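In the UniProt record's numbering, the protein residues as written are 1 to 244.
The following block contains the structure:
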């Protein structure tokens with residue numbers, strides 16, 4: 001039971017910080033928050049993703065490129081220009097690292113208006129941090145695993161952030177239905193996206209990139225949206241007023 005709880009908690013915490021902080025805040029600025037909460041959620045992103053921590057700056061730039069070049073050969077992670085999800089994510093990794101380490105100059109329109117914490121970003125990308133988190137996961141399993149097959153879950157912990165990205169970008173641009181013609185291959189893969197917190201409403205999101213609720217139809221349920229609504233009511237964040 002501890003392993004199941006730990007796995008589910010890590011899956012959904014990592015997922016939450018990716019969809020709430022990296023995607024909806026860093027990349028799109030769908031809402032605002034003060035500097036205290038910006039740093040709080042930056043640190044929570046580091047804790048939640050652990051060994052697979054993703055830089056908010058690099059994530060925001062890649063995601064803005066993805067919207068601008070969706071499903072073309074300039075898209076950092078389109079499944080239609082890769083043979084499988086592994087080669088797609090390897091391509092994404094290379095572009096991400098070039099952006100992260102400033103070996104590639106992004107277009108000016110993709111830069112700026114994202115959270116910065118240089119010290120934590122640098123530390124989160126070190127081998128010390130990534131291997132340290134991986135070691136923690138291994139020791140937790142040694143302490144609590146009761147079956148050999150449980151250890152097969154460890155690679156998911158190690159690569160949690162990129163795995164979420166692979167699911168969203170592969171499935172969300174190949175499988176499902178379309179509410180809108182966006183001149184790309186984006187799809188809505190699930191009507192209740194319990195798996196990736198609303199991220200699999202890719203077709204809706206590409207049509208309405210600043211809409212905080214990724215569900216559009218009444219029966220499309222984005223489970224992250226009620227959390228964002230509650231954080232707005234608590235005045236931790238402030239939702240921007242945009243046309244749906």
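Even for Gly, the Cβ is constructed at its ideal location relative to N, Cα and C.
Quick caveat, the model's predicted, so the values are computed rather than measured.
### Query
Going straight from the alpha carbon of residue 210 to that of residue 144, what length do you get?
Between residue 210 and residue 144, the C-alpha separation is close to 43 angstroms.
### Message
Cutting at 6 angstroms between CB atoms, please list the residues of its own chain near residue 32, excluding the five before and the five after it.
### Response
Excluding residues up to 5 positions away in sequence, 238 lie with their Cβ nearer than 6 angstroms to the Cβ of residue 32 in the same chain.
### Query
If you pair each beta-carbon of the region 20-28 with each one of the region 68-83, do three or more pairs fall below 8 angstroms?
Flag = no, the region 20-28 and the region 68-83 do not touch.
### Message
Looking at the secondary structure, which residues open and close the alpha helix (DSSP H) in which residue 99 lies?
### Response
Where residue 99 is concerned, the enclosing alpha helix (DSSP H) stretches over 85-100.
### Task
Whole angstroms is fine: what's the gap from residue 153's alpha carbon to residue 159's?
CA-to-CA, the gap between residue 153 and residue 159 works out to about 11 angstroms.
### Task
To the nearest angstrom, report how far apart residue 233 and residue 148 are at their CA atoms.
In this model, residue 233 and residue 148 are separated by some 45 angstroms (Cα to Cα).
### Query
Is residue 38 buried or exposed, if buried means 16 or more other CB atoms sit within 10 Å of its CB?
Under this definition residue 38 is a buried residue.
### residue 177 (DSSP reduced to helix, strand or coil)
DSSP places residue 177 in strand when its eight states are reduced to three.
### Message
With a threshold of 8 angstroms on Cβ separation, who are the neighbours of residue 164 within its own chain once the five nearest residues in sequence on each side are excluded?
### Response
Within the same chain, 14, 15, 18, 196 and 199 come within 8 angstroms of residue 164 by CB-CB distance, once the 5 residues on both sides are set aside.
### Task
Measuring alpha carbon to alpha carbon, tell me which of 181, 127, 94 and 53 ends up nearest residue 157.
Residue 53 is the option with its Cα nearest to residue 157.
### Task
Report back the beta-carbon spacing between residue 173 and residue 79 to the nearest angstrom; my notes put them in contact at under 8 angstroms.
Residue 173 to residue 79, Cβ: 5 angstroms. Contact.
### Task
Just grab the DSSP bridge partners of residue 201 for me.
188, per the DSSP bridge assignment.
### Message
Quick check on the DSSP output: the alpha helix (DSSP H) that includes residue 2 runs from which residue to which?
### Response
Counting along the chain, residue 2 sits inside the alpha helix (DSSP H) bounded by residues 2-16.
### Task
Report yes or no: do three or more beta-carbon pairs, one from the region 80-95 and one from the region 41-53, lie closer than 8 angstroms?
Remark: fewer than three beta-carbon pairs, one from each stretch, lie closer than 8 angstroms, so the region 80-95 and the region 41-53 are not flagged as touching.
### Query
So, is residue 193 buried or exposed, given that buried needs 16 or more other C-beta atoms within 10 angstroms?
Looking at its Cβ environment, which holds 16 or more other Cβ atoms inside 10 Å, residue 193 is buried.
### Task
Within 10 angstroms of the Cβ of residue 34, are there 16 or more other Cβ atoms? Answer buried if so, exposed if not.
If you draw a 10 Å sphere on the C-beta of residue 34, you find fewer than 16 other C-beta atoms in it, and that means exposed.
### residue 27 versus residue 41: straight-line alpha-carbon distance, rounded
Going from the Cα of residue 27 to the Cα of residue 41 covers about 14 angstroms.
### Task
Find the nearest neighbour of residue 201 within the set 176, 184 and 183, judged by alpha-carbon distance.
Here the closest residue by C-alpha is 176.
### Query
Rounded to a whole number of angstroms, what is the C-alpha to C-alpha distance between residue 84 and residue 235?
About 43 angstroms.
### Query
Which residues in the same chain have their Cβ closer than 6 angstroms to the Cβ of residue 225, if we skip the five residues on either side of it in sequence?
Contacts found: 213.
### Query
Quick one: is residue 155 buried, meaning 16 or more other Cβ sit within 10 Å of its Cβ, or exposed?
Only exposed fits residue 155, as fewer than 16 other CB atoms lie within 10 angstroms of its CB.
### Task
Confirm, please, whether the CB-CB distance from residue 56 to residue 121 is below 9 angstroms.
Closer than 9 angstroms, so yes.
### Task
Using DSSP bridges, identify the partner residues of residue 32.
Residue 32 pairs with 238.
### Task
Give me the Cβ distance between residue 179 and residue 188, rounded to the nearest whole Å; I'm assuming they're in contact under 8 angstroms.
Their Cβ separation, rounded to whole angstroms, is 7 angstroms, which keeps residue 179 and residue 188 in contact under 8 angstroms.
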